[in-house]
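A short worksheet on the structure shown next.
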Amino acid sequence: MERPAAGGDGIRILCVDDQPGFAKVTADVLEGQRDAFEVVVETDPDEALARVEEDEFDCIVSDYDMPGTDGLSLLEAVREYRPEVPFILFTGKGNEAIASEAISRGVTDYLRKGKGADGYAVLANRIEDAVEEYRSRRSAETAERRMTELTETTDDVLWMFTADWEELLFVNSTYEDIWGRSVDDLRANARDFLQGIHPEDREMVQRAMTRVSEGETVDIEYRVNEAEDYGRWVRVQDRPIRDEDGEIARVAGFARDVTDGWENERTVERERDRFRTLFENLPNPVVHGIAEEGEPVIVDVNPAFEEVFGYDADVVEGEPLDERLVPPGKENEAEMINRRLLTEGEIHTEVRRQTADDVRTFRLDAAIGDPDRDTPEGYAIYTDVTEREEREWELQRRNERLDEFASVVSHDLRTPIEVATGGLELARDDCDSDHLETVQDALDRMTAIVDDTLARQGRTVAEVEPVAVVPLAQRCWDLVATGDATMTATGEFTIRGDPGGVQQVLENLFRNAVEHGDPDGHVRVGPIDERGFYVEDDGPGIPPEEREAVFEAGYTTAADGTVFGLSIVEEVAAAHDWAVELADGTHGGLRVEITGVEFV
């Protein structure tokens, strides 16, 4: 009965025999035995060798005894070109010695001629078996080569061990790069790879190995490569391989270098932690929210929100933001803000918002991520500016008072100045005295003060410049009628302020010190720790219980008239956003401190 051809493919056979007739018979019989057989006949061994060099054959069948050579010599020559192709010695003049030598020299099979049809049937079977084995071996080698090529082109470490991890069955060369250890050492000691794992991670890895040996699949990450200070992170997947009986026979897996990805993940995690820390510790209220159908919904709030707004996070989370914070009458404004935020991606404005206690004014700074997402998310920061608004209102009130004061000064002082100026002109006609020039300077200064006050009516100090206090104090002292009193200015310090305003402060303080102190007293001017300056005298001072009233217009300790001095000082200081405080002088008397001043 005819056997099917090996693998179902055709088999090409080279038949070498110096007897043409016998060679043809062999070819005809073999092709008759198998449809898959194709037999090429050569009677000259040299021609046969040439055919082997140029053509492909699945099997060579050769006689042993041929002119000038023999089958074993031909075998040796063929092996130089086709080291694996099956070679069957088919001879009629063989013996056991020849057979033994043929086998030892690598012949595939040895058959004796002369057994008729049965002999050719055996030959056909031997050819088929040899070719099948040859092709299987080549297929296995090809598969192994391709597998090797595949495993050596991947950046992953691939391995296979016995189930107890005691014998390495396979590992690719990528192991050396990632682990920083040699494959040879791993082949010699299958557990050598543990030495390349960070000491802190080895116990975890050994537990995972046990789990795989018991039938689990594991997926873990750990650090490797001692030479790189264990700076490589790998993701490892191991799984058991079972035999046909269901028993675990081997374990296999791979390791992928995830250092870059791990670092990126850690970077993102660190950024997330930093952002969360900022969120939790920002002194301003922050709302993390999402937009559902265009309406903001609270996801989370920080502790500052709870403190400023007075609402617990557990209560407001999940609530519509506007329902909780927008006061009555501000709904349309809130809707407009929401639309702008979704359209522009950010918004910066002032809003009125409801707290647990009252309605306050906030600076709103809000931004969202991708507005095209199904549920955009973003953050809103609320800065309470209520006190700032109150300060602005207070400043406006002070300015109004200053306007009122300027009006009083302009009307009450201009007439006496004009009278004094007229009297001075008459005095010039009656006598010629140097004192008249001093009087003229004083009147000019008074006129300038009135004009400057009128010019400033209704506005605050808008522009400031460096003012050297000590030389200005000396000029002011020369302009004030100080009698026998003396003044000392020390420190050589410069502040930022309106020069005319600073001059008014100094002149009024000097005038008050002289008029309400000792006529021959001493006045001192100096800096206060780069935060202000002082003017103090050694006169009787002002009792503490009266100091609050001293800044009111009309207050005086003298019996001869109204004094505006300290009221003017307070108004000018307030216009600069400075503070005025009264204290006891170093040598008795009154000490006036101007603070909140910017030094240059």
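In the working numbering, the protein residues as written are 382 to 981.
Note that the Cβ used here is the ideal one computed from N, Cα and C, for glycine as well.
Burial check for Tyr491: the Cβ neighbour count within 10 Å reaches 16 or more, so the residue is buried. Leaving aside the five residues that flank Thr424 on each side, the residues in its chain whose CB is nearer than 7 Å to its CB run, in chain order, Asp398, Asp399, Pro401, Ala404.
9 Å or more divides the Cβ of Thr640 from the Cβ of Gly675.
Here the alpha carbon of Thr598 sits roughly 15 Å from the alpha carbon of Asp545.
When C-beta atoms of the stretch 601-620 are compared with those of the stretch 511-522, fewer than three pairs fall below 8 Å, so the two segments do not count as touching. In this structure, the straight-line span from the alpha carbon of Thr802 to that of Glu888 is close to 21 Å.
Under DSSP, Asp965 forms a beta bridge with Leu971.
Look at the beta carbons and you see the stretch 756-764 touching the stretch 728-745: at least three pairs across the two are nearer than 8 Å. Boundaries for Val707: no alpha helix (DSSP H) harbours it, and the DSSP string shows neither H nor E there. Within the stretch 540-590, the complete beta strand (DSSP E) segments of 3 residues or longer fall at 549-552, listed in chain order. Secondary structure at Tyr763: strand, using DSSP grouped into helix, strand and coil. If you draw a straight line from the Cα of Arg616 to the Cα of Val433, it comes to about 52 Å. Apart from sequence neighbours up to five positions away, the residues of its chain that approach Phe438 with a beta-carbon distance below 6 Å are Arg393, Leu395, ordered along the chain. Contact between Gly970 and Asp918 holds, since their C-beta atoms are separated by about 4 Å, short of 8 Å. Here Ala748 is bridged, per DSSP, to Glu727, Tyr760.
Scanning the stretch 840-901 for uninterrupted beta strand (DSSP E) segments of 3 residues or longer gives 846-849, 867-870, 875-878, listed from N- to C-terminal end. The stretch 630-639 and the stretch 539-556 touch, with no fewer than 3 CB-CB distances between them shorter than 8 Å. Here the C-alpha atom of Gly759 lies approximately 7 Å from the C-alpha atom of Ala747.
Nearest in C-alpha terms to Gly907, of all of Thr875, Glu927, Asn476, Glu933, is Thr875. Sixteen is the threshold: since fewer than 16 other Cβ atoms of the shown chains lie within 10 Å of the Cβ of Val981, the residue is exposed. Closest in alpha carbon position to Leu567, among Asp582, Glu548, Pro752, Ile578, is Glu548. The criterion of a C-beta distance shorter than 9 Å is satisfied by Trp858 and Val904. Sorting Val861, Val680, Val961, Ala483 by C-alpha distance to the C-alpha of Ala694 places Val680 at the top.
The beta strand (DSSP E) runs of length 3 or more contained entirely in the stretch 450-524 are, from start to end of the chain, 468-472, 490-493.
Per the coordinates, the alpha-carbon of Pro757 lies some 7 Å from the alpha-carbon of Ile749. Just measuring C-alpha positions, the residue of Phe551, Asn570, Phe574 sitting nearest Trp560 is Phe574. Inclusion of Tyr501 and Gln414 in the CB contact set at 9 Å is warranted, their separation being smaller than that value. Between Thr724 and Pro752, the gap from beta carbon to beta carbon is short of 9 Å.
Leaving aside the five residues that flank Asp910 on each side, none in its chain has a CB nearer than 6 Å to its CB. Between the alpha carbons of Asp537 and Thr648 lies a gap of roughly 24 Å. Per DSSP, reduced to three states, the secondary structure at Ala737 is coil, with no helix or strand assignment.
Leu395 sits in a strand when the DSSP states are folded into three classes. Between Glu775 and Arg809, the alpha-carbon positions lie close to 49 Å from each other. The C-beta separation of Asn719 from Pro677 comes to about 6 Å, placing the pair in contact by the 8 Å criterion. Across the set Met585, His579, Ala589, Val632, the C-alpha of His579 shows the shortest separation from the C-alpha of Asp610. Linking Ser594 to Phe542 through their CA atoms gives a straight-line distance of about 10 Å.
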